[in-house]
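Chains as they are written, first to last, in the working numbering: chain A, 201 to 342; chain B, 1209 to 1355.
Pasting the structure below:
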């Protein structure tokens, strides 16, 4: 589903030798791909930004016991980043996300079910060495 | 060969199902890590096992705690060291699935199809019993058939 990002079209941060540089073209970005590409590492760098950026909400398996949909429903104007999405998001929450017009999503998982996703929503992580630093970006998933 | 379940109710009562592979690995599997894990860690995460609790990261070339392995890699190692438990398959990338599907033992669960491009023979278990499948299309058909 093609829809413009509601909260931000660019997110960047630095964590020691890592640079995160994500450009969003859709309101729902599903970050998928092989294991071990650095998706969860990128999640942890974004989560660090929650300390100073009120527009970011990060959710992962540590929230397994929480009501994820309630957390999302209470959010407004946030980039909601969900790691471990394939075990955290039930069908009902996925449908809510697909229709949410208050928040933007970065979903780390491989199951696009009930998110009304098309290939325009699917992305993978790219890591590029730049001297001692590593830049993490996203590109369309083939 | 591994055994695949597509319905939680088909998992025998005496077998534990583990959904949170990260947590299970960090709390249990880690204590069994030995030489067997080396090749798996290198193939999936591109990291080098340097001691029981440390890996050498391919990203920043420093020693990291083994908890930094990917969830897919942890899932494969959970299945390797605990072949009598059933582990959630959903967080495995294709590279992890390819290794897992060549295991001689182990049990996994997912409601939807997760099949690597290159697969070996697997056993599937549902309420109609257990059967052996060695074909991608046949396995997809089993998974997609009525639950």
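Idealized CB from N, CA, C, for every residue including glycine.
Q | Residues that residue 1288 of chain B contacts on chain A, provided the C-beta gap is smaller than 7 angstroms | A | Position 80 of the second chain holds residue 1288 of chain B. Counting only Cβ-Cβ distances below 7 angstroms, residue 1288 of chain B has no contacts in chain A at all, with the closest Cβ about 14 angstroms away.
(Q) So, under 8 angstroms CB-CB, residue 281 of chain A and residue 306 of chain A are touching, yes? Tell me the CB distance rounded to an integer number of Å. (A) Here residue 281 of chain A refers to the residue found at position 81 of the first chain. Here residue 306 of chain A refers to the residue found at position 106 of the first chain. With a Cβ gap of about 5 angstroms, residue 281 of chain A and residue 306 of chain A count as contacting.
Q: Return the chain-ordered list of same chain residues with a C-beta closer than 6 angstroms to the C-beta of residue 1266 of chain B, the five sequence neighbours on each side being excluded.
A: Here residue 1266 of chain B corresponds to residue number 58 of the second chain, with the count starting at 1. Sequence-distant Cβ neighbours of residue 1266 of chain B in its own chain, meaning closer than 6 angstroms and more than five residues away, are 1254 and 1255.
Q: Have a look at B:1249, B:1274 and B:1252 and flag the residue whose alpha-carbon is nearest the alpha-carbon of residue 1260 of chain B.
A: Locating residue 1260 of chain B in the second chain gives position 52, where the first residue counts as 1. Distance check between residue 1260 of chain B and each of B:1249, B:1274 and B:1252 places B:1274 closest, using alpha-carbon atoms only.
(Q) Spatial neighbours of residue 248 of chain A within its chain, please: C-beta separation below 8 angstroms, excluding the five flanking residues on both sides. (A) Against the first chain, residue 248 of chain A aligns to sequence position 48. Same-chain partners within the cutoff: 213 and 215.
Q: Assess, as a yes-or-no matter, whether the segment 277-297 of chain A is touched by the segment 247-261 of chain A under the definition of 3 or more beta carbon pairs within less than 8 angstroms.
A: Contact holds: three or more Cβ-Cβ distances are below 8 angstroms.
Q) For residue 272 of chain A and chain B, any beta-carbon pair shorter than 8 angstroms? A) Start at 1 with the first residue of the first chain, and residue 272 of chain A comes out as number 72. Not an interface residue.
Q: Would you list, in chain order, the members of the segment 277-305 of chain A that have their beta-carbon closer than 8 angstroms to a beta-carbon of chain B?
A: Interface annotation for the segment 277-305 of chain A against chain B: 284, 286 and 287, criterion Cβ-Cβ distance under 8 angstroms.
Q. Can you tell which of A:242, A:218, A:330 and A:204 has the C-alpha that lies nearest to the C-alpha of residue 224 of chain A?
A. As a first step, residue 224 of chain A must be located in the first chain, where it is residue number 24. For the set A:242, A:218, A:330 and A:204, the Cα lying nearest the Cα of residue 224 of chain A is the one of A:204.
Q) Given that residue 1311 of chain B touches chain A, what residues does it touch there, using C-beta distances under 7 angstroms? A) By one-based count along the second chain, residue 1311 of chain B stands at place 103. Contact of residue 1311 of chain B with chain A by beta-carbon distance below 7 angstroms is absent, the smallest such distance being about 15 angstroms.
Q.
For residue 252 of chain A, count the other beta carbons within 10 Å of its own beta carbon; 16 or more makes it buried, fewer makes it exposed. Which is it?
A. Counted from its first residue, the first chain places residue 252 of chain A at position 52. Residue environment analysis places residue 252 of chain A among the exposed positions, since fewer than 16 neighbouring C-beta atoms fall within 10 angstroms of its C-beta.
Q. Can you find a CB in chain A that lies within less than 8 angstroms of the CB of residue 1280 of chain B?
A. Taking the second chain and counting its residues from 1, one reaches residue 1280 of chain B at position 72. The C-beta of residue 1280 of chain B comes closer than 8 angstroms to at least one C-beta of chain A.
Q. Among B:1289, B:1335 and B:1349, which one has its Cα closest to the Cα of residue 1242 of chain B?
A. For the purposes of this step, residue 1242 of chain B is taken as the residue at position 34 of the second chain. Looking from the CA of residue 1242 of chain B, the closest CA among B:1289, B:1335 and B:1349 belongs to B:1289.
Q | Neighbourhood of residue 322 of chain A by C-beta distance below 8 angstroms, restricted to the same chain and skipping five residues each side | A | As a position in the first chain, residue 322 of chain A is number 122, starting the count at 1. Closer than 8 angstroms at Cβ, skipping near neighbours: 230, 232, 312, 340 and 341.
Q: Locate the alpha helix (DSSP H) running through residue 244 of chain A, then write down its first and last residues.
A: Counted from its first residue, the first chain places residue 244 of chain A at position 44. Counting along the chain, the alpha helix (DSSP H) containing residue 244 of chain A begins and ends at 239-249.
**Q.** Contacts of residue 337 of chain A in chain B (Cβ-Cβ under 8 angstroms)
**A.** Here residue 337 of chain A refers to the residue found at position 137 of the first chain. Result: empty, since nearest Cβ-Cβ is about 14 angstroms, beyond 8 angstroms.
Q: Determine, using beta carbons only, whether residue 314 of chain A comes closer than 8 angstroms to chain B.
A: For the purposes of this step, residue 314 of chain A is taken as residue 114 along the first chain, with counting starting at 1. By this cut-off, residue 314 of chain A is not an interface position.
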